[in-house]
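Since the structure comes first, as structure tokens, the remarks are kept for the end.
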Amino acid sequence: MKIKEVSEKFNISIPTLRYYEKIGLFDHVKRINGVREYEDKDIKDLSMIITLKNAGLINELILKYMELSKQDEISNDERIFILKQQRQKLLDEIHHKHKNLDSLDYLIYKIKNN
Numbered sequence: 017m018k019i020k021e022v023s024e025k026f027n028i029s030i031p032t033l034r035y036y037e038k039i040g041l042f043d044h045v046k047r048i049n050g051v052r053e054y055e056d057k058d059i060k061d062l063s064m065i066i067t068l069k070n071a072g073l074i075n076e077l078i079l080k081y082m083e084l085s086k087q088d089e090i091s092n093d094e095r096i097f098i099l100k101q102q103r104q105k106l107l108d109e110i111h112h113k114h115k116n117l118d119s120l121d122y123l124i125y126k127i128k129n130n
């Protein structure tokens, strides 16, 4: 799959795909006559990168996670630790947003009942 097709499929800009490759999130993408040719493994990796990115992981942690995923099962604990840390961070953010919602609901209640 060519870079334009990958860009359209995942709704990611071509410069972003090139950047991901440059910082090492991808193994070297195969090139045919200078044109990037994304293979199934690259597509699978990109899907994981997008999932981690959408979950809020920073590039450094995504890179670490991707490197660990290439190792054997010994790295599973480390990958789970990264995911659990991010999960807790998301839960904390959700809790904070719920508190903000409660505050807004209280303000609405006060306005309506004055």
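Residue 21 in the numbering used here sits at position 5 of the sequence shown, with consecutive numbering throughout. The beta carbon of each residue, even a glycine, is placed where N, CA and C say it ideally should be. In this text the structure is predicted, and so the values were computed from the model without any measurement.
Check your understanding: Does DSSP put valine 51 in a helix, in a strand, or in coil?
Key -> In this structure, valine 51 counts as strand in the three-state DSSP scheme.
Check your understanding: Does the Cβ of tyrosine 54 have 16 or more other Cβ atoms within 10 Å, making it buried, or fewer, making it exposed?
Key -> So tyrosine 54 counts as buried.
Check your understanding: How many Å lie between phenylalanine 26 and tyrosine 122 at the Cα?
Key -> Going from the Cα of phenylalanine 26 to the Cα of tyrosine 122 covers about 41 angstroms.
Point to revise | isoleucine 66, enclosing alpha helix (DSSP H) - first and last residue | key: First-last of the alpha helix (DSSP H) with isoleucine 66: 56-70.
Review point. What is the DSSP secondary structure of lysine 46, reduced to helix, strand or coil?
Key: Three-state DSSP puts lysine 46 in a strand.
Check your understanding: Can you tell which of Ile124, Ile19, Ile78 and His111 has the C-alpha that lies nearest to the C-alpha of arginine 47?
Key -> Nearest option by C-alpha distance: Ile19.
Review point. Taking the alpha-carbon positions, what's the lysine 115 to lysine 38 distance?
Key: Computed Cα separation, rounded: 40 angstroms.
Check your understanding: How close, in whole Å, do the beta carbons of lysine 80 and isoleucine 98 come, if the pair is a contact with beta carbons under 8 angstroms?
Key -> At roughly 7 angstroms, the Cβ-Cβ gap stays under 8 angstroms, so lysine 80 and isoleucine 98 are in contact.
Exercise for review: Report the rounded CA-to-CA distance for aspartate 131 versus methionine 82, giving the unit in angstroms.
Suggested key: The question about residue 131 has no answer here: the residues shown for the chain are numbered 17 through 130.
Review point. For the putative contact between isoleucine 96 and isoleucine 78, defined by C-beta atoms under 8 angstroms, what is the C-beta separation to the nearest angstrom?
Key: Not confirmed; about 15 angstroms, so no contact.
Review point. Skipping 5 residues on each side, what residues in its chain have a beta carbon closer than 6 angstroms to that of proline 31?
Key: So no residue of the chain qualifies.
Review point. Is the beta carbon of valine 45 sitting closer than 7 angstroms to the one on aspartate 58?
Key: In this structure, aspartate 58 lies closer than 7 angstroms to valine 45 by Cβ.
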